[in-house]
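Okay, so the sequence shown: first residue is 1 according to UniProt numbering, each after it adds one.
Don't be surprised by glycine CBs; every beta carbon is placed ideally from N, CA and C.
This structure is a prediction, so every number in the text was calculated from the model and none was measured.
Some notes on the structure that comes next.
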Amino acid sequence: MAGGDDLKLLGAWASPFVARVKLALSFKGLSFEDVEEDLSNKSELLLSSNPVHKKVPVLVHNGKPICESMIIVQYIDEAFLVGPSLLPSDPYKRAIARFWAAYIDDKLVTPWVQSLRAKTEEEKSEGVKQTFAAVETLEGALRECSKGEGYFGGETVGLVDISLGSLLSWLIATEVMSGTKIFDPVKTPLLAAWMGRFSELDAAKAALPEVDRVVEFAKKRQAQADAAAAASETK
Ligand SMILES: N[C@@H](CCC(=O)N[C@@H](CS)C(=O)NCC(=O)O)C(=O)O
């Protein structure tokens with residue numbers, strides 16, 4: 001509990017969106033109650049806390065729910081003036097950070113999820129193509145935002161680092177399963193170095209799911225999807 005505050009996180013261990021909130025809490029040094037949801041049988045608390053989307057993460061702060069991962073991260077930064085600031089104080093720099101955080105969701109997460117859930121080879125290769133295009137753009141963004149320091153936030157981790165960092169266990173798991181580097185040290189050297197640097201931070205290690213566990217989870221989910229597809233073909 002943070003200085004008398006009651007913080008409860010409704011989450012699911014494998015969710016990269018939940019990882020964003022865990023990362024923000026971890027970098028701020030805030031403790032919280034980690035409530036694992038069964039997404040196939042959602043709790044009353046989740047349904048009443050996020051009646052619009054019914055999704056995790058939800059952060060419940062002193063009984064008040066906050067939804068949507070990046071909104072929660074920004075809330076944590078504003079509500080708890082402890083630890084490092086995740087957003088810059090300069091309004092222009094804040095706007096730039098929010099721009100790139102939104103870009104990661106629209107242009108990286110969306111096609112990448114499409115490639116992971118694709119039903120046809122065409123859909124998969126389109127998703128992969130768009131994912132790699134976004135990664136190349138993010139290499140340029142990292143160059144611009146970091147100004148030669150280690151992170152999108154400059155010397156320290158900021159909003160964009162959390163947005164992208166939350167995907168790391170899944171990105172590495174995808175690399176392990178496909179044999180293809182997403183942050184290629186030759187094509188995107190800055191991002192590859194950033195990934196190594198971010199993964200080594202204690203706060204990140206504490207918040208991110210283990211890669212082996214994600215690989216196992218992803219394989220199981222793929223097998224279930226394949227079995228469902230095969231069953232619908234025989235109908
Ligand atoms: N835009 C949301 C996405 C959250 C999301 O997709 N959560 C998934 C878990 S990774 C979920 O709760 N899925 C349950 C469902 O769709 O019923 C955010 O950033 O918080």
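beta-carbon residue i near ligand 1 non-hydrogen atom, thresh 8 Å
i	result
Arg-197	no
Phe-17	yes
Asp-105	yes
Ala-12	yes
Ser-26	no
Glu-36	no
His-53	yes
Lys-8	no
Trp-117	Note on residue identity: the sequence assigns Arg, not Trp, to residue 117. Arg-117 Cβ: outside cutoff for every heavy atom of ligand 1.
Leu-23	no
Close-in-space but distant-in-sequence residues of the same chain around residue i (CB under 8 Å, 5 per side omitted)
i	result
Val-21	Leu-9, Gly-11, Pro-57, Leu-59, Ser-69, Ile-72, Val-73, Ile-76
Glu-136	Lys-187, Thr-188
Ser-49	Leu-10, Val-58, Val-60, Pro-65, Cys-67
Ala-133	Lys-107
C-beta atoms of residue i and residue j nearer than 9 Å
i	j	result
Lys-205	Ala-192	no
Ala-229	Ser-163	no
Gly-158	Leu-208	no
Leu-23	Gly-150	no
One or two residues paired with residue i in a DSSP bridge
i	result
Pro-16	Note: Pro-16 sits in no beta bridge, so no partner.
Pro-65	Val-60
Leu-23	For Leu-23, which the question treats as bridged, DSSP gives no partner whatsoever.
Leu-8	The sequence given here has Lys at residue 8, not Leu. The partner list for Lys-8 (beta bridge, DSSP) reads Glu-33, Val-60.
Close Cβ partners of residue i (< 7 Å) along its chain, the five nearest in sequence each way excluded
i	result
Lys-28	Ile-76, Phe-80, Val-82, Gly-83
Exercise for the section: Please specify which runs of the alpha helix (DSSP H), each continuous and at least 4 residues long, are wholly inside the UniProt domain "GST C-terminal" (90-222), giving them in chain order. Expected result: 91-103, 110-117, 121-146, 159-165, 168-178, 189-199, 202-207
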